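Enquirer: Going by our numbering, the first residue of the sequence shown is number 1241, and it counts up by one from there. For each residue, glycine too, the CB sits at the ideal point set by N, CA and C. Predicted model only: the values in this text are computed from it and were never measured.
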Amino acid sequence: MFFRAILGILIPLFFTAVVWADELQINPNHPERYTVVKGDTLWDISGKFLQHPWQWPQLWHNNPQIKDPHWIYPGDTLYFSYVNGMPRLSLSPDGNDEKLIPRVRESSIDQAIRVIPSDAIVQFLNSPKVVSAEELAHAPYVIGFVGEHLIAGAGDGVYVRAIEEPEGLGYTIYRQGKPYISPVTKEVLGYEAQYIADTTLQEPGDPATLRINKSDLEIQRGDRLMLTGEGELALNYFPRPPEHQVIGSIIRVMGGVSQIGQHDVVVIDKGTADGLEVGHTLDVYRRGNMVVDRYQSVEAVAVKMPDELAGVLMVFRPFERVSYALVMQATGAIHTLDRVQTP
């Protein structure tokens, strides 16, 4: 077990630089105090005091005697109070953190408070991926197997066309999956790249020779390859609303689930081309049903019910035209084709 001494807390809170000018909206059911426990996330803790968790920096009272006041860890008790008519969250009951004395704490690394439940998204950080039709058309592909094998697995080799000027040694084999289709324009926004195997380049050329390190599925001729990404850190996300208006839809739910709830991963039909970045949060609105009104006139009239707020999601992996997002809150049932928009 590793230990480290740190001043303040284990992990930075999720808005160290950005402070939103929106008026604070306090959760009417907030506690007067809360003691942080192992397993808490910063998003969940913020939600106990705020209706919009990203407004944390406006509520947290900075203690000038602590080197980095944006850090908390298990065992800390947070107190809610009003100081000069303004809501405040601090480490002391009266909100005067200046009385606190800086101290060195020793704590195991695995006690770090995370912004979000990163285990819910870690499998989506490297694979699957979204690729365009152009990327598919130009990607190297498996043409045969070393040793005339009919199938290949870990330790076997494959021949690939064409990697003559490699940009790296690690390549991921993937298979074209289902298309992501815009519910509005019906155009293809990209294709899911289904993970098949990890390989290492042995000899460049046309065909090139690669060795399989591990595989989840049987490798087939025609499977495509891409450079293996380094992956993204699943700890330091900074949730915040986009600075501009974004309106889109949920077009798929990942993980084989049929009903969407808190901490499920979904795909939305907006991406970097629409200005979305890692950490952007969007409200989810359940689309209102169509109801037939037979009371006002002889002929029945279809009336659309209002859309209802059903949750909040956070983008954690944006691509050009679609994004993977984690459902942070779900106050009602969420479905594909539900609307997402800037809060």
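#1: Let me check understanding here. Comparing Cα to Cα, which of A1377, I1312, L1299 and G1315 lies closest to S1321?
#2: Going by DSSP, which residues form a beta bridge with T1449?
#3: Give me the residue from H1484, V1524, E1404 and F1478 with the minimum Cα distance to T1571.
#4: Since V1531 sits in a beta bridge, which residues does DSSP pair it with?
#5: So, are the CB atoms of G1397 and Q1442 less than 8 Å apart?
#6: Locate the beta strand (DSSP E) running through F1556, then write down its first and last residues.
#7: Could you tell me whether the stretch 1352–1371 touches the stretch 1489–1509, using the rule of 3 or more Cβ pairs below 8 Å?
#8: I1421 by DSSP, collapsed to three states: which one?
#9: How many Å lie between D1509 and V1562 at the Cα?
#10: Bridge partners of V1507, per DSSP?
#11: Rounded to the nearest angstrom, what separates P1297 and F1478 at their Cα positions?
#12: Under the three-state reduction of DSSP, which class applies to I1266: helix, strand or coil?
#13: What does DSSP give as the partner residue(s) for Q1434 in the beta ladder?
#14: Helix, strand or coil for I1312, going by three-state DSSP, please let me know.
#15: Thinking C-alpha only, which one of Q1485, S1537 and Q1499 is nearest G1515?
#16: Give me, in chain order, the residues of the same chain whose beta-carbon lies closer than 7 Å to that of D1446; leave out the 5 immediate sequence neighbours on both sides.
Expert: A quick look at the data gives this:
#1: Comparing Cα positions, the closest option is L1299.
#2: Answer by DSSP bridge pairing, in chain order: Y1399 and E1443.
#3: When only C-alpha atoms are compared, the closest one is V1524.
#4: The partner list for V1531 (beta bridge, DSSP) reads V1543.
#5: It is a contact, given that the beta carbons lie within the stated cut-off.
#6: It spans E1548 to P1558 - the beta strand (DSSP E) in which F1556 sits, taken as one unbroken run.
#7: Touching, yes, given that three or more Cβ pairs across the two stretches are closer than 8 Å.
#8: Here I1421 sits in strand by DSSP.
#9: Between D1509 and V1562, the C-alpha separation is close to 5 Å.
#10: DSSP output for V1507 lists R1492 and Y1564 as bridge partner(s).
#11: Taking the Cα positions, P1297 is about 12 Å away from F1478.
#12: DSSP places I1266 in strand when its eight states are reduced to three.
#13: DSSP output for Q1434 lists R1415 as bridge partner(s).
#14: The three-state secondary structure of I1312, taken from DSSP, is strand.
#15: Considering only alpha carbons, the answer is Q1485.
#16: So the qualifying residues of the chain are R1401, A1402 and E1404.
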